[in-house]
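Below: the structure, in structure tokens.
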Amino acid sequence: MYLGVDAGGSNTRAVLVDSDGAVLGTGRAAGANPVVHGVEHAGQQLESALRQALGNHTAAGVSAAVIGLAGGPTAGRPLLDEVARVARHLGIVTPRVVSDVEVSFAAGSESPDGVLVLSGTGAAAAELRNWRLARHVDGNGWLVGDDGSGFWVGRQAVRAVLRMIDGRGRPTKLIDVICYALAAEPDVTSLEAAVYNEPPLRLASLAPLVTALYHDDSVAAEIVTEAAELLLAAVSALGPVAAGYRDAVLAGGLLLAQGPLRDLVAGGLQDRFGLTARFADNGALGAARLARGL
726 MYLGVDAGGS
736 NTRAVLVDSD
746 GAVLGTGRAA
756 GANPVVHGVE
766 HAGQQLESAL
776 RQALGNHTAA
786 GVSAAVIGLA
796 GGPTAGRPLL
806 DEVARVARHL
816 GIVTPRVVSD
826 VEVSFAAGSE
836 SPDGVLVLSG
846 TGAAAAELRN
856 WRLARHVDGN
866 GWLVGDDGSG
876 FWVGRQAVRA
886 VLRMIDGRGR
896 PTKLIDVICY
906 ALAAEPDVTS
916 LEAAVYNEPP
926 LRLASLAPLV
936 TALYHDDSVA
946 AEIVTEAAEL
956 LLAAVSALGP
966 VAAGYRDAVL
976 AGGLLLAQGP
986 LRDLVAGGLQ
996 DRFGLTARFA
1006 DNGALGAARL
1016 ARGL
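And the structure:
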């Protein structure tokens, strides 16, 4: 048996498969990105998801396990030690830690080489060779990068609402949905308090509200369109045309959800680069594929 885990900023998914790739069990927990939530919390969520996936199966029967998370093996010794602790506690082999980009690519590609575009809580574009990350553009984290991510979209929406309230910006229907989602009154003081009393990445949860208004609100449409352009600019920086790839894997909650951002990015990939969009619907299954040696 083989275990695969996709540990994201918003949720963690685990899957147990047999040697043919048939699913034997699944698990789900809260986000386990150590940069966002801390190492101890990440370990707790990993253990919960893995325990659910194992179910009543014997842990000693697991031949290999792979965990995909932001930063991968460069995430630091404290995290790798925590992963080893979780493995000992569950009685499984110590998982191999790889980049979340690698498990997403393995979930959506039939070829070991290609391009991936990710927009979820964070965002990046990447080139992979032999299933491994060869190069990435952005993916620098919410504080200094992740342009076109869920966090980026949510922050832009809050900024647009603040500009509307204080007279710098145009009227937008975003004021109603953003204030409701954050339990804030439509005034600067209330909205500021609602934002700063929550973890910064809470803003990523606002992104679907923005994409839902794409056809009904010009401000929301501009935010979504700019997010797509930023993601396509990251792909352009990779130079995928010269590399001769035909497909690009789309990953992350925003690009996997039906909606305007997915359509704009997929259309831009085809029109500008000749790349056909494929979708990484389950990063945990991609991790399990890597654990099985593909």
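Per the working numbering, residue 726 is the first one in the sequence shown, and the count goes up by one each step.
Where a beta carbon is used, it is the ideal one built from N, C-alpha and C, also for glycine.
Note to self: For the alpha helix (DSSP H) containing residue 890, name the first residue and the last one.
What the structure shows: Going by DSSP, residue 890 is part of the alpha helix (DSSP H) stretching over 875-891.
Check: Exposed or buried, residue 869, counting other C-beta atoms within 10 Å across all chains shown (16 or more means buried)?
Finding: Answer is exposed; the Cβ neighbour count stays below 16.
Item checked: Beta-carbon gap between residue 936 and residue 984 smaller than 8 Å -> Between residue 936 and residue 984, the gap from beta carbon to beta carbon is short of 8 Å.
Next item on the list: Whole angstroms is fine: what's the gap from residue 782's alpha carbon to residue 851's?
Entry: About 36 Å.
Notebook entry, point to check: Between the Cα of residue 736 and the Cα atoms of 773, 744, 742, which residue gives the shortest distance?
Noted result: The shortest C-alpha separation from residue 736 is found at 773.
Notebook entry, point to check: So, do the stretch 800-819 and the stretch 938-958 have three or more beta carbon pairs nearer to each other than 8 Å?
Noted result: When Cβ pairs closer than 8 Å are counted between the two stretches, the stretch 800-819 is seen not to touch the stretch 938-958, the count staying below three.
Check: Just checking my contact of residue 1007 with residue 738 at CB under 8 Å: how many whole Å lie between their CB atoms?
Finding: With a Cβ gap of about 7 Å, residue 1007 and residue 738 count as contacting.
Next item on the list: Starting from residue 903, trace the alpha helix (DSSP H) both ways and give me its first and last residue.
Entry: First-last of the alpha helix (DSSP H) with residue 903: 899-906.
Check: Considering only the beta carbon of each residue, do residue 1015 and residue 831 sit closer than 8 Å?
Finding: Taking the C-beta atoms as reference points, residue 831 is found nearer than 8 Å to residue 1015.
Notebook entry, point to check: If residue 862 sits next to residue 963, beta carbons under 8 Å apart, how far is it from one beta carbon to the other, in whole angstroms?
Noted result: Cβ-Cβ separation between residue 862 and residue 963: approximately 6 Å, consistent with a contact (criterion under 8 Å).
Check: For residue 912, which residues of its own chain have a beta-carbon under 8 Å away from its beta-carbon, when the five flanking residues on both sides are left out?
Finding: Listed in chain order, the non-local C-beta contacts of residue 912 below 8 Å within the same chain comprise 890, local neighbours out to five positions each way being set aside.
Note to self: Quick check on the DSSP output: the alpha helix (DSSP H) that includes residue 921 runs from which residue to which?
What the structure shows: Its alpha helix (DSSP H) spans residues 913-921.
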